[in-house]
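Trainee: Got a structure here, written out as structure tokens. Questions coming.
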Amino acid sequence: MTDGVTYNPVMPGELDRRWSSQAAQMSALMKSLSSAPTGGLPSVAVGPARTFLASWEKIALQAKTSSEVYADELRETGVSYENLDAEVARRMAALGGGAV
Amino acid sequence: MTTTINIPAVIDPVDRPEGDPAGSESLATSLLSGAVRLTEFSEEALLLAESKWYWAGKAAEAYGDHAKNFAQNHQPMGETLKRVARGVDVFADQLRTLQSDHTTISSDITSYHRERADLITDVNLAGEVAEAEIAALQERARALTNRRAGITTDITDLQRRVTENEQFLVQLFTGADTAAEASSPTGGISALALGAIGRKPSAADGPKAMNAWWNSLTEAERDALIAAYPDQLGSADGLPASARDAANRLRLDADLAELEMKERDGTLLPEEKQRLANARATRTALEHADGYVVPGTDDRPGGQLWLYDPDAFGGDGRVAIAVGDLDTADDVSVQVPGIRTEMDDAPGGVDEATRLYESARYNGDGSSVATMFWLGYDTPAGDLLEWGEVPSEDRAADGGARLAAAVDGLRASRAHDPAHMTAIGHSYGSTTTSYAATDHGLAVDDIALIGSPGTGPADHASDFSVGADHVYDGRNSRDFVAFLGDEGWVRKDQFFDTGLGMDPSSEDFGAHRFQAESPQRGWGPNFDDHSRYYDRDSESLYNLGRIVDGHGDDTNSAPQSYDPWWGDPVDPEWDRDPTSGEAGRSKTGLTP
Amino acid sequence: MGAVGLLAFLLSGCSPVPSNPRAVLEAKAAAIDSATQDVLDSLHAAGLDDATAKGHVDGCQSEPTPGVSYRAGISAKAGSDLAGAFDALVEQLGASGWKPTDAYRDVKIDPAKPMGRFVRDDITLDVATGGASSGGVWYGADEMQLGVTIKDYCVRVPDGGYISKVEDLAKDILPRS
Numbered sequence: 014m015t016d017g018v019t020y021n022p023v024m025p026g027e028l029d030r031r032w033s034s035q036a037a038q039m040s041a042l043m044k045s046l047s048s049a050p051t052g053g054l055p056s057v058a059v060g061p062a063r064t065f066l067a068s069w070e071k072i073a074l075q076a077k078t079s080s081e082v083y084a085d086e087l088r089e090t091g092v093s094y095e096n097l098d099a100e101v102a103r104r105m106a107a108l109g110g111g112a113v
Numbered sequence: 058m059t060t061t062i063n064i065p066a067v068i069d070p071v072d073r074p075e076g077d078p079a080g081s082e083s084l085a086t087s088l089l090s091g092a093v094r095l096t097e098f099s100e101e102a103l104l105l106a107e108s109k110w111y112w113a114g115k116a117a118e119a120y121g122d123h124a125k126n127f128a129q130n131h132q133p134m135g136e137t138l139k140r141v142a143r144g145v146d147v148f149a150d151q152l153r154t155l156q157s158d159h160t161t162i163s164s165d166i167t168s169y170h171r172e173r174a175d176l177i178t179d180v181n182l183a184g185e186v187a188e189a190e191i192a193a194l195q196e197r198a199r200a201l202t203n204r205r206a207g208i209t210t211d212i213t214d215l216q217r218r219v220t221e222n223e224q225f226l227v228q229l230f231t232g233a234d235t236a237a238e239a240s241s242p243t244g245g246i247s248a249l250a251l252g253a254i255g256r257k258p259s260a261a262d263g264p265k266a267m268n269a270w271w272n273s274l275t276e277a278e279r280d281a282l283i284a285a286y287p288d289q290l291g292s293a294d295g296l297p298a299s300a301r302d303a304a305n306r307l308r309l310d311a312d313l314a315e316l317e318m319k320e321r322d323g324t325l326l327p328e329e330k331q332r333l334a335n336a337r338a339t340r341t342a343l344e345h346a347d348g349y350v351v352p353g354t355d356d357r358p359g360g361q362l363w364l365y366d367p368d369a370f371g372g373d374g375r376v377a378i379a380v381g382d383l384d385t386a387d388d389v390s391v392q393v394p395g396i397r398t399e400m401d402d403a404p405g406g407v408d409e410a411t412r413l414y415e416s417a418r419y420n421g422d423g424s425s426v427a428t429m430f431w432l433g434y435d436t437p438a439g440d441l442l443e444w445g446e447v448p449s450e451d452r453a454a455d456g457g458a459r460l461a462a463a464v465d466g467l468r469a470s471r472a473h474d475p476a477h478m479t480a481i482g483h484s485y486g487s488t489t490t491s492y493a494a495t496d497h498g499l500a501v502d503d504i505a506l507i508g509s510p511g512t513g514p515a516d517h518a519s520d521f522s523v524g525a526d527h528v529y530d531g532r533n534s535r536d537f538v539a540f541l542g543d544e545g546w547v548r549k550d551q552f553f554d555t556g557l558g559m560d561p562s563s564e565d566f567g568a569h570r571f572q573a574e575s576p577q578r579g580w581g582p583n584f585d586d587h588s589r590y591y592d593r594d595s596e597s598l599y600n601l602g603r604i605v606d607g608h609g610d611d612t613n614s615a616p617q618s619y620d621p622w623w624g625d626p627v628d629p630e631w632d633r634d635p636t637s638g639e640a641g642r643s644k645t646g647l648t649p
Numbered sequence: 006m007g008a009v010g011l012l013a014f015l016l017s018g019c020s021p022v023p024s025n026p027r028a029v030l031e032a033k034a035a036a037i038d039s040a041t042q043d044v045l046d047s048l049h050a051a052g053l054d055d056a057t058a059k060g061h062v063d064g065c066q067s068e069p070t071p072g073v074s075y076r077a078g079i080s081a082k083a084g085s086d087l088a089g090a091f092d093a094l095v096e097q098l099g100a101s102g103w104k105p106t107d108a109y110r111d112v113k114i115d116p117a118k119p120m121g122r123f124v125r126d127d128i129t130l131d132v133a134t135g136g137a138s139s140g141g142v143w144y145g146a147d148e149m150q151l152g153v154t155i156k157d158y159c160v161r162v163p164d165g166g167y168i169s170k171v172e173d174l175a176k177d178i179l180p181r182s
């Protein structure tokens, strides 16, 4: 790294582990949203419910991907964080079909 | 000559309100656990953003800023999802009511059609009949026409409510289905609720104002408010018990979902452990109240969670659970417990409430009853048992104000249909009740004090708001705590630091003393006999039941204790043979 | 009663909490269940076969010295001659060691709806006929209703809603087969 940096060599592993765990949380959320039971709703609400669940699944997916990117970036110290948004966008696009 | 008799038309069948309440509730549960996950995620994200202790430098700063932004963006999302979950729950509850109303209307239609068919038959068979018979047929037709109008109104009303309920549900989803809405601080709050909450009075304006506000709202607004703002409604004095119950159950479910998930994940903080224990005790107690059936009968009164405040008093908690319906019961009682009672004792308190309910109904006048275990004040920790220290009256004074406010809230919530109300104070709770009745105009009709260590500021039963004739006392002659009250023997400042007032079983106090002995009583004063007043098939529970049922004049009297100038105080009940399970004296329920 | 006496009472305090309250309650429940089955046998011998028995768990004693208790209740169809059914049962109870007591001596008993209390060892049996009302509804007009309780029924338990730990002891009590 440049410019007077100090870092704790334990740090990357710790943050990486926790961000990975965050990603797993969001994975679980995605799963529960995708299988959320809408059978009990009146027909007029089924469409809006499905749209709602799909949107939140996307929110969870973005959160999961961001968490993975944080984990990756932190694992390799010496990477510029200005690239984070680009990295997230790239990964989302790479997931294809409805990811954006 | 022909006469026309106008028979009203048939009524078309009505569609059953769509949807399955239980199925909707499982969606709500699923969304709620998702919300908990999201909240935990954002809390952890905030912690991870502050990693300055790990490393410093430009890259660290850039990471920190980026991650903090990320965390803050996700922070409101958990709340939004939680609100939607609660809204779905409220929808399900309302759907259940609407489907039940639909069943009632359908059977009304069936019986209308039957009567109509009978009338048509009779008209067709009529042939040559007299004036009187024609008039009778016309009268039936008129009555049937009115009935049809009534049923049609009910149908229109039902359809409007179904539409409102469905619109509420749809708008829950459409109002929170974009990222922007998800991360808004008012995400998941319907426009109806946002509009209505602005007009909510503050608690300081009093329960009548709160009740007036609630009455001014439409059913749809009320449902929306319960879903969006349960924390503000669960303890709002003046609101009907059904609204508080709905709000508090949502809050309880949310606490359990969140804390049990944290427990499973191993992330429960030490300060959250007590909150979880309190929530669990509430759930257990509420299930007991909901499922209770009076033994030997088919009477199932149901439960209401009137107060739920698990963090109060440093974790001791406040809770109140009723057996029966506080909004409609003819007779309502509030039971105020004593020392050492805390929120995790709620299951025992509710069990007492069920036994009191049974006793009030047993051989009663048939009036409906609701008995409420009320732990709304900070009970002393019970040093009395360990160190012989009588607790100070501070908590009773504070508790008295709270009790009076709670009763004012109950009164204001049904001013048009007042109940006969009784307050029952046990042990230190009796001192609390005494403060409420002497200094705060406790607005009940009858007061019973049991196992009382003293009546606080009152010297005589006439000092109480209800008047001397409506004050009752039960004292087990072996109840150690009851010896602490003044009656010429132990006075304030004599042996202990402070006393707690007059003994209400004494002649000097002038209350109606009722029989409260137990065949289990010890040889001398002890603490077990301090706690037998709610025991099933006991003299005390029998008499308390009569008082709650509005028949205090039908209790079995006991002579008051007195203090002759020449010797020690005398309790005439000491030598009487106690009874239990005896009809008319100490039988409090059907035997099976 | 002087100051010294007061202190002595303070120290005698309350009955202690057993180390395993559930076990103590279970033992009492077993004794009650057994006696209940004996009573079902007596009912059968008296010609009253249509009987159901339930064991109930109740709380007893309030905070700060809470407890739990167990009791059993039986309802038996007795037809229109309640007094006859009662007498037939009393005979059987006597034959199996139950002793009548003079409870209810102060109660005005309707001879067409007799009642009585019997004891055997430390079990008490209350017998009532003709039912009673609850909430304005009459239950058991053609029934005999019996309650089985035990001496020292209240088992002390620790604070904190212990009753929920023993609620499962409630049961339907079946006759000995």
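Chains as they are written, first to last, in the numbering used here: chain A, 14 to 113; chain B, 58 to 649; chain C, 6 to 182.
Don't be surprised by glycine CBs; every beta carbon is placed ideally from N, CA and C.
Quantities reported herein were computed from a predicted structural model and do not represent experimental measurements.
I'd like to know if V640(B) contacts chain C, where contact means its C-beta is closer than 8 Å to some C-beta of that chain.
Mentor: Looking at the sequence provided, one finds Ala at residue 640(B) rather than Val. Cβ-Cβ to chain C under 8 Å: yes for A640(B).
Trainee: Give me whichever residues DSSP pairs with K59(C) in a beta bridge.
Mentor: Answer by DSSP bridge pairing, in chain order: G78(C), D177(C).
Trainee: Where do the ends of the beta strand (DSSP E) carrying E148(C) lie?
Mentor: Run containing E148(C): 148-155, per the beta strand (DSSP E) assignment.
Trainee: With a cut-off of 8 Å, does the C-beta of T60(B) fall near any C-beta of chain A?
Mentor: No, its Cβ sits nowhere closer than 8 Å to a Cβ of chain A.
Trainee: What's the call for D355(B), buried or exposed, on a 16-neighbour Cβ count within 10 Å?
Mentor: By the 10 Å Cβ count, D355(B) comes out exposed.
Trainee: With distances taken Cα to Cα, identify the nearest neighbour of P264(B) among A142(B), L88(B), A469(B).
Mentor: Of A142(B), L88(B), A469(B), the residue nearest in Cα terms is A469(B).
Trainee: Counting contacts by CB-CB distance shorter than 8 Å, is E97(B) in contact with chain A?
Mentor: So, interface residue.
Trainee: Residues in the same chain with beta-carbon distance under 6 Å from W546(B), minus the five sequence neighbours each way, listed in chain order, please.
Mentor: The pLDDT assigned to W546(B) is 47, lower than 50, so where the model puts this residue is not dependable; a value taken from the coordinates is nonetheless given after this. Here the set comprises P626.
Trainee: Can you tell me whether A13(C) is buried or exposed, with buried defined as 16 or more other CB within 10 angstroms of its CB?
Mentor: Only weak support is given to the placement of A13(C): the predicted model assigns it a pLDDT of 45, under 50, and the value that follows is read from those uncertain coordinates. Exposed, because fewer than 16 other Cβ atoms sit within 10 Å of the Cβ of A13(C).
Trainee: Where does T129(C) sit, in a helix, a strand or coil, going by DSSP?
Mentor: DSSP places T129(C) in strand when its eight states are reduced to three.
Trainee: Among R633(B), N268(B), G91(B), which has the Cα closest to the Cα of D465(B)?
Mentor: Looking at the Cα atoms, N268(B) is the closest of the given residues.
Trainee: Starting from T428(B), trace the alpha helix (DSSP H) in both directions and tell me its first and last residue.
Mentor: Here T428(B) belongs to no alpha helix (DSSP H); instead the beta strand (DSSP E) covers 426-432.
Trainee: Using the C-alpha atoms, what's the distance from W271(B) back to I128(C)?
Mentor: Taking the straight line joining both Cα atoms gives about 55 Å.
Trainee: Measure the alpha-carbon distance for V92(A) versus E86(A) and round it to whole angstroms.
Mentor: Caution is warranted here: a pLDDT of 49 is assigned to V92(A), below 50, making its placement in the model unreliable, and the coordinate value is therefore given only provisionally. Each residue's Cα considered, the two are about 7 Å apart.
Trainee: Take D150(B) and list the residues in its own chain whose beta-carbon comes closer than 7 Å to its own, dropping the five residues that flank it on each side.
Mentor: Excluding positions up to five away in sequence, the list reads A303.
Trainee: P119(C): which of T134(C), Y109(C), T106(C) sits nearest, CA to CA?
Mentor: The candidate whose alpha carbon is nearest that of P119(C) is T134(C).
Trainee: For the region 233-248 of chain B, list every residue whose C-beta sits within 8 Å of some C-beta in chain A, in sequence order.
Mentor: Taking 8 Å as the Cβ-Cβ cut-off against chain A, the residues of the region 233-248 of chain B that qualify are A233, D234, T235, A236, A239.
Trainee: Just list the alpha helix (DSSP H) runs in the region 470-549 of chain B, keeping only unbroken ones of 4 residues or longer that don't cross its boundaries, in chain order.
Mentor: DSSP runs (the alpha helix (DSSP H)) wholly in the region 470-549 of chain B: 485-496.
Trainee: Alpha carbons only, please: which of V73(C), G52(C), R76(C) is nearest the one belonging to G89(C)?
Mentor: Checked all of V73(C), G52(C), R76(C); the closest Cα to G89(C) is G52(C).
Trainee: Rounded to the nearest angstrom, what separates A518(B) and G508(B) at their Cα positions?
Mentor: Each residue's Cα considered, the two are about 16 Å apart.
Trainee: Which residues, taken in chain order from the region 162-177 of chain C, show a beta carbon closer than 7 Å to some beta carbon of chain B?
Mentor: Cβ contacts with chain B come from D164, G165, G166, I168, S169.
Trainee: Cutting at 6 Å between CB atoms, please list the residues of its own chain near A410(B), excluding the five before and the five after it.
Mentor: Excluding positions up to five away in sequence, the list reads V380, T428, F430.
Trainee: Rounded to whole angstroms, how far is the Cβ of E574(B) from the Cβ of R633(B), which I believe are closer than 8 Å?
Mentor: That pair is a contact at about 6 Å.
Trainee: Can you tell me the Cβ-Cβ gap for V73(C) and Y167(C), rounded? I've got them flagged as a contact below 8 Å.
Mentor: Right, their Cβ atoms sit about 7 Å apart.
Trainee: What number of angstroms, rounded off, separates the C-alpha of K44(A) from the C-alpha of K170(C)?
Mentor: When rounded, the distance between both Cα atoms is 36 Å.
Trainee: Which of the three DSSP states, helix, strand or coil, is assigned to V92(A)?
Mentor: Confidence is the limiting factor: at V92(A) the pLDDT is only 49, short of 50, which leaves the residue's position unreliable, though a coordinate-based value still follows. Correct three-state label for V92(A): coil.
Trainee: Just the Cα atoms here: how many angstroms apart are S182(C) and S595(B)?
Mentor: Each residue's alpha carbon lies about 35 Å from the other.
Trainee: Work out the CA separation of V29(C) and E172(C) for me, nearest whole Å.
Mentor: Going by the C-alpha atoms only, they are around 14 Å apart.
Trainee: Suppose only complete runs of 4+ residues qualify. What are the alpha helix (DSSP H) ranges in the region 294-359 of chain B, listed by chain order?
Mentor: Listed in chain order, the complete alpha helix (DSSP H) runs (minimum 4 residues) inside the region 294-359 of chain B are 298-322, 327-348.
Trainee: Where L333(B) and G433(B) are concerned, what is the direct C-alpha to C-alpha distance, given to the nearest angstrom?
Mentor: One C-alpha to the other measures close to 19 Å.
Trainee: Please work out which residues of its chain come closer than 7 Å, Cβ to Cβ, to D158(B), disregarding the five sequence neighbours upstream and downstream, and give them in chain order.
Mentor: L215.
Trainee: Measuring only between beta-carbons, confirm whether Y75(C) sits less than 8 Å from chain B.
Mentor: Judged by the 8 Å Cβ criterion, Y75(C) is not in contact with chain B.
Trainee: According to the neighbour-count rule (16 or more other Cβ atoms, all chains shown, within 10 Å of its Cβ), is S164(B) buried or exposed?
Mentor: When all chains shown are included, S164(B) counts as exposed.
Trainee: Report, in whole angstroms, the separation of the C-beta atoms of D234(B) and T64(A), which I expect to be a contact under 8 Å.
Mentor: Right, their Cβ atoms sit about 5 Å apart.
Trainee: Let me confirm a value: I178(C) is counted as buried when at least 16 other C-beta atoms fall within 10 Å, else exposed. Which label applies?
Mentor: That one is buried.
Trainee: Using beta carbons (cut-off 8 Å, strictly below), is V380(B) in contact with chain C?
Mentor: No, V380(B) lies away from the interface with chain C (no Cβ there is under 8 Å from its Cβ).
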